[in-house]
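Residue numbers (this note's numbering), protein chains in the order written: chain R, 468 to 554; chain W, 953 to 1403.
Glycine included, C-beta positions come from ideal geometry on N, C-alpha and C.
No experiment lies behind these values; they were computed from the predicted model shown.
These notes are about the structure you will find just below.
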């Protein structure tokens, strides 16, 4: 689960439009996700992503160095979004 | 009868099993708390604790239980601060007796310590053989001889009962994290078991406090972007909770860290799937319309959370033995370090094939390049000047697991140039699977131990 929160509430609509399930799935294509869900919390300017299968069976069964997947959160912040020229 | 203007002050003494001890001492001494809660039980920890108890019937509680109690128990008792914790892990009763020993060390004879048990549902789970959550099959499909433990996530009621019996310390096994914080609020304000709105608000208090320092700038700092002062002296948070369930979150004046709208937002959304339906044993909490208000430096008020009926069943964590993991790592530095790292991985992969080592799953990565975001490749065309090649494999036997690390080590004299600092390990896996059990099959119990 990764929550992406806009610094400014004004930027939330843009994030909501650009940071889609497809974009996030593609960014993590190497993780063999079985599915991605997105929950919107407009009052907090946040998008909650649930990356199913990211831990390969759960924290207790994962072979990853970071079995909890905590480092994935800041990893996602490095994503580059293509913004429309008007922004 | 609850006073409409009553405020309950509840602090977070620890956010996980290995957390720092000093911040809890600071809270005890300076925050004028009514309750101090230590959350120290992660998913796998209780399965490991049960394994430990199998070796020794007096063991199975958190390794830092005594150190934490020695640090805060006398001060808490002299100030009338009650302690609640899940450090009982696999043996809450033994933990209660150890706490009684500590109490007597400090001249606190007569101290009332309640042990909450009933979370151990191993025989019920083996008998009922429910379906697993999130994966196909039933519990016995894991292999009954491999199952180590089964613990239900209890809710607030047994802790409330313990407090009503006059316990000054309540020590539990597996309880839902928010319930550790909700129970004192239920006890103080008299909220009913079906007052979903209040329980939802109490669950929010618990969810915000359960990771301790994460609310005050821990797991938040990003130097130059999101600065947090004095992380080495991070102050843990506490809440001032009102009878309507609204709460102001803050920390001890002068302690390190920062508590503001951003840190609170991050913790609110932490590990949350659907914010409008956060399931706990006590309530299906709704955090989606929470209102956060900045009240000044390091003071944030949260209100307007809600809730609906609690789930019919309780979630159970089933601990089972699941083979072994063998691992090896070796570093490369300088020009073409990543290329040499990749060559090392290829060699080990082929060696495992040649020597007939079967891995149920194999993971090959370069730490510094793609060990977090597997398959990421070089960052913006620049390869790292230092990498650490890592291979991890899940195997059926310990011997096969040990071979993995051994093959990495042989790269010293048989692999790419400049390989150094090889390390290896092979460990038995205690895995956790989840299932559900009807509430009717779980009977929490409270036993009082007097120091």
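Check whether chain W comes within 8 Å of residue i, counting only Cβ atoms and requiring the distance to be less than that.
i: residue 526 of chain R; result: yes
i: residue 533 of chain R; result: yes
i: residue 493 of chain R; result: no
i: residue 490 of chain R; result: no
i: residue 513 of chain R; result: yes
i: residue 497 of chain R; result: yes
i: residue 508 of chain R; result: yes
i: residue 521 of chain R; result: no
i: residue 503 of chain R; result: no
i: residue 542 of chain R; result: yes
i: residue 487 of chain R; result: no
i: residue 472 of chain R; result: yes
i: residue 518 of chain R; result: no
i: residue 481 of chain R; result: no
i: residue 539 of chain R; result: yes
Residue i and residue j: beta carbons closer than 8 Å?
i: residue 1247 of chain W; j: residue 1217 of chain W; result: no
i: residue 1325 of chain W; j: residue 541 of chain R; result: no
i: residue 1203 of chain W; j: residue 1181 of chain W; result: no
i: residue 1106 of chain W; j: residue 1139 of chain W; result: no
i: residue 1323 of chain W; j: residue 1232 of chain W; result: no
i: residue 967 of chain W; j: residue 1040 of chain W; result: no
i: residue 1280 of chain W; j: residue 1359 of chain W; result: yes
i: residue 912 of chain W; j: residue 527 of chain R; result: Absent from the structure is residue 912 of chain W, since the part of chain W shown begins at 953 and ends at 1403.
i: residue 983 of chain W; j: residue 1020 of chain W; result: no
i: residue 1084 of chain W; j: residue 1387 of chain W; result: yes
i: residue 1014 of chain W; j: residue 1028 of chain W; result: no
i: residue 1237 of chain W; j: residue 1259 of chain W; result: yes
i: residue 1379 of chain W; j: residue 1277 of chain W; result: yes
i: residue 962 of chain W; j: residue 1136 of chain W; result: yes
i: residue 516 of chain R; j: residue 469 of chain R; result: yes
i: residue 1042 of chain W; j: residue 1270 of chain W; result: no
i: residue 1143 of chain W; j: residue 1151 of chain W; result: yes
i: residue 1158 of chain W; j: residue 1186 of chain W; result: no
i: residue 971 of chain W; j: residue 1191 of chain W; result: no
i: residue 498 of chain R; j: residue 521 of chain R; result: yes
i: residue 1337 of chain W; j: residue 1373 of chain W; result: no
i: residue 1403 of chain W; j: residue 1060 of chain W; result: yes
i: residue 1318 of chain W; j: residue 1311 of chain W; result: no
Just confirm the distance between the C-beta atoms of residue i and residue j, as a whole number of angstroms; I'd bet it's less than 8 Å.
i: residue 1199 of chain W; j: residue 1193 of chain W; result: 4 Å
i: residue 1320 of chain W; j: residue 1339 of chain W; result: 5 Å
i: residue 1201 of chain W; j: residue 1167 of chain W; result: 6 Å
i: residue 1025 of chain W; j: residue 1050 of chain W; result: About 11 Å separates the two Cβ atoms, so there is no contact after all.
i: residue 1035 of chain W; j: residue 988 of chain W; result: 5 Å
i: residue 1239 of chain W; j: residue 1227 of chain W; result: 5 Å
i: residue 1160 of chain W; j: residue 1254 of chain W; result: 7 Å
Check the Cβ-Cβ distances between residue i and every residue of chain R, and say whether any is below 8 Å.
i: residue 996 of chain W; result: yes
i: residue 973 of chain W; result: no
i: residue 1227 of chain W; result: yes
i: residue 1004 of chain W; result: no
i: residue 1186 of chain W; result: no
i: residue 993 of chain W; result: no
i: residue 1381 of chain W; result: yes
i: residue 967 of chain W; result: no
i: residue 1221 of chain W; result: yes
i: residue 1324 of chain W; result: yes
i: residue 1260 of chain W; result: no
i: residue 1384 of chain W; result: yes
i: residue 1373 of chain W; result: no
i: residue 1327 of chain W; result: yes
i: residue 1203 of chain W; result: no
i: residue 1338 of chain W; result: no
i: residue 1217 of chain W; result: yes
i: residue 1313 of chain W; result: yes
i: residue 1090 of chain W; result: no
i: residue 1240 of chain W; result: yes
i: residue 1210 of chain W; result: no
Which residue or residues does DSSP assign as beta-bridge partners of residue i?
i: residue 1101 of chain W; result: W:1271
i: residue 1038 of chain W; result: DSSP output for residue 1038 of chain W lists no bridge partner at all.
i: residue 1398 of chain W; result: W:1068
i: residue 1276 of chain W; result: W:1347, W:1380
i: residue 1341 of chain W; result: W:1282, W:1318
i: residue 1123 of chain W; result: W:1037, W:1067
i: residue 1199 of chain W; result: W:1193, W:1254
i: residue 1375 of chain W; result: W:1281
i: residue 1390 of chain W; result: W:1265
Cβ contact (3+ pairs, closer than 8 Å) linking the region 1050-1066 of chain W and the region 1085-1104 of chain W
no
With a threshold of 8 Å, are at least 3 pairs of Cβ atoms found where one atom belongs to the region 528-538 of chain R and the other to the region 999-1012 of chain W?
no
Are the region 1282-1296 of chain W and the region 1365-1375 of chain W touching, with three or more C-beta to C-beta distances below 8 Å?
yes
So, does the region 1043-1058 of chain W touch the region 1073-1084 of chain W, judging by three or more C-beta pairs under 8 Å?
no
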